[in-house]
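Enquirer:
So this is what it looks like as structure tokens:
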């Protein structure tokens, strides 16, 4: 079954929709309506964000190196040629490397639509999930990497840190700081551009989706700690490419996002310590005024209810 996105309202919670694949679950095939177009946003002459919020899948980074183009994430299935077309407008160099920030299909959906010569790189847990034969219909796409398509599995993996093209303007540093959205979330730093792609460890200004139900290792308890380790462990970054926000954000936004999440965790822990129920904590949640532009709905997948219940469950 082909997975593809469909048009959804531009709103502050757009990032939530694609990551779970709700658009795909609706069963709308691309042929029934025009496929949303990719928007290209320049960060530097060498680095561009291929975005469009969530309507095309997760944000893709396109980095032009001396040897070729490195992509971070490949959006929904069916966007391979769209990505290549946008790359050709930027450079005549070929795509040589694809890095995936995590296992979800809205970030790796078009991996198999690139030439066999592409070098795939990912955290060891991402490769393990991609190679599974028991993947859930949502939000993973490990069925895309079975049989002959196993050639699209990452050939280079790492556990904690990996550097590509070391020592020059093309250097890319990959970091893993622990569980959060999944158990393979990778922070990708373009050193010369002072830019980091966070994948869905920072989807945008909204509560995260914690994938703790599909065998992908997400953890609400670890999510904030992992963000804190990233903030402490990554030097000299100014610009953030998030998983789904429609524009690049600043390093200070990442710090604010960590604080926004940590405040919810604090309120949940205080409720546990006081002997209150999860339902009572959810009903009494108060979003601090400094996070007025962050979306924290009471119910839904990307919600106060979801996060608080995971914390009460110890997950």
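Residue numbers (the working numbering): 1 to 315. Each residue gets a CB set at the ideal place from its N, CA and C atoms; glycine is no exception.
When the Cα atoms are used, what is the spatial distance from residue 230 to residue 215?
Expert: The alpha-carbon atoms of residue 230 and residue 215 are separated by roughly 23 Å.
Enquirer: Which residue comes first and which comes last in the beta strand (DSSP E) that contains residue 194?
Expert: Taken as a continuous stretch (DSSP letters only), residue 194 belongs to no beta strand (DSSP E), as it is neither H nor E.
Enquirer: Looking only at its chain, what residues have a beta carbon closer than 7 Å to the beta carbon of residue 321, apart from the 5 residues adjacent to it on each side?
Expert: What is shown of the chain runs 1 to 315, which leaves residue 321 out entirely.
Enquirer: Buried or exposed: which applies to residue 144, given that a residue is buried once 16 or more other Cβ atoms fall within 10 Å of its Cβ?
Expert: Buried is the call here.
Enquirer: Is it true that the CB of residue 232 sits closer than 9 Å to the CB of residue 220?
Expert: Not closer than 9 Å, so no.
Enquirer: Pair every Cβ in the stretch 127 to 140 with every Cβ in the stretch 103 to 114, then say whether three or more of these pairs are closer than 8 Å.
Expert: These segments touch.
Enquirer: Taking residue 129 as part of the alpha helix (DSSP H), name the residues at either end of that continuous run.
Expert: Start and end: 124 to 130.
Enquirer: Does the separation of the CB atoms of residue 72 and residue 91 fall below 9 Å?
Expert: The answer is no: Cβ separation not under 9 Å.
Enquirer: Give me, in chain order, the residues of the same chain whose beta-carbon lies closer than 6 Å to that of residue 26; leave out the 5 immediate sequence neighbours on both sides.
Expert: Any reading at residue 26 is ruled out, since the residue's pLDDT is 35, under 50, leaving its predicted position unreliable.
Enquirer: Which stretch, first to last residue, makes up the alpha helix (DSSP H) that contains residue 305?
Expert: From DSSP, the alpha helix (DSSP H) with residue 305 extends over 304 to 313.
Enquirer: Going straight from the alpha carbon of residue 282 to that of residue 304, what length do you get?
Expert: Each residue's Cα considered, the two are about 6 Å apart.
Enquirer: Residue 311 to residue 241, Cα distance in whole Å?
Expert: Taking the straight line from one Cα to the other gives about 28 Å.
Enquirer: Taking the beta strand (DSSP E) that residue 268 belongs to, which residues open and close that run?
Expert: Where residue 268 is concerned, there is no enclosing beta strand (DSSP E), although the alpha helix (DSSP H) it sits in stretches over 251 to 273.
Enquirer: Buried or exposed: which applies to residue 316, given that a residue is buried once 16 or more other Cβ atoms fall within 10 Å of its Cβ?
Expert: Residue 316 is absent from the structure shown; the chain starts at 1 and stops at 315.
Enquirer: Could you give the distance in angstroms between the alpha-carbon of residue 96 and the alpha-carbon of residue 61?
Expert: C-alpha separation (whole angstroms): 13 Å.
Enquirer: So residue 156 packs on residue 119, CB below 8 Å; how close in whole Å?
Expert: About 7 Å separates the two Cβ atoms, so the contact holds.
Enquirer: I'd like the span of the alpha helix (DSSP H) that includes residue 106, first residue to last.
Expert: First-last of the alpha helix (DSSP H) with residue 106: 105 to 108.
Enquirer: Please state the DSSP three-state secondary structure of residue 295.
Expert: Strand at residue 295.
Enquirer: List the DSSP bridge partners of residue 173.
Expert: According to DSSP, residue 173 bridges with 163 and 189.
Enquirer: So is residue 258 buried or exposed if we call it buried at 16+ other beta carbons inside 10 Å?
Expert: Residue 258 should be labelled buried.
Enquirer: Nearest-angstrom Cα distance between residue 161 and residue 245?
Expert: So the two alpha carbons sit approximately 25 Å from each other.
Enquirer: For my contact list, residue 207 and residue 302 are in at a C-beta cut-off of 8 Å; report their separation, rounded to the angstrom.
Expert: Yes, they are in contact, since the Cβ atoms of residue 207 and residue 302 sit about 5 Å apart, within 8 Å.
Enquirer: Kindly indicate which three-state DSSP category residue 290 falls into: helix, strand or coil?
Expert: Of the three classes helix, strand and coil, the one that applies to residue 290 here is helix, per DSSP.
Enquirer: Could you check what DSSP says for residue 18 in three-state terms: helix, strand or coil?
Expert: With a pLDDT of 40 at residue 18, under the threshold of 50, the predicted position of this residue should be treated as unreliable, and no value is reported.
Enquirer: Helix, strand or coil for residue 114? Go by DSSP, reduced to three states.
Expert: Here residue 114 sits in coil by DSSP.
Enquirer: Between residue 272 and residue 59, what straight-line distance do the alpha-carbon atoms span, to the nearest angstrom?
Expert: The straight-line gap from Cα to Cα measures roughly 37 Å.
Enquirer: Quick check: what's the CA-CA separation for residue 205 versus residue 43?
Expert: Those two C-alpha atoms are separated by around 20 Å.
Enquirer: Can you tell which of 291, 51, 181 and 135 has its C-alpha closest to the C-alpha of residue 210?
Expert: Answer by Cα proximity: 181.
Enquirer: I need the straight-line Cα distance from residue 294 to residue 284, nearest angstrom please.
Expert: Spanning the two alpha carbons is a distance of roughly 17 Å.
Enquirer: Could you check whether residue 309 and residue 317 sit closer than 9 Å to each other, using their CB atoms as the reference points?
Expert: In the structure as shown, the chain starts at 1 and stops at 315, and residue 317 therefore has no counterpart that could be examined.
Enquirer: Going by C-alpha distance, which of 263, 55 and 298 is nearest residue 34?
Expert: The shortest Cα separation from residue 34 among 263, 55 and 298 belongs to 55.
Enquirer: Between residue 298 and the rest of its own chain, which residues show a CB-CB distance below 7 Å, the 5 nearest in sequence each way excluded?
Expert: Answer for residue 298: 282, 304 and 305, listed in chain order.
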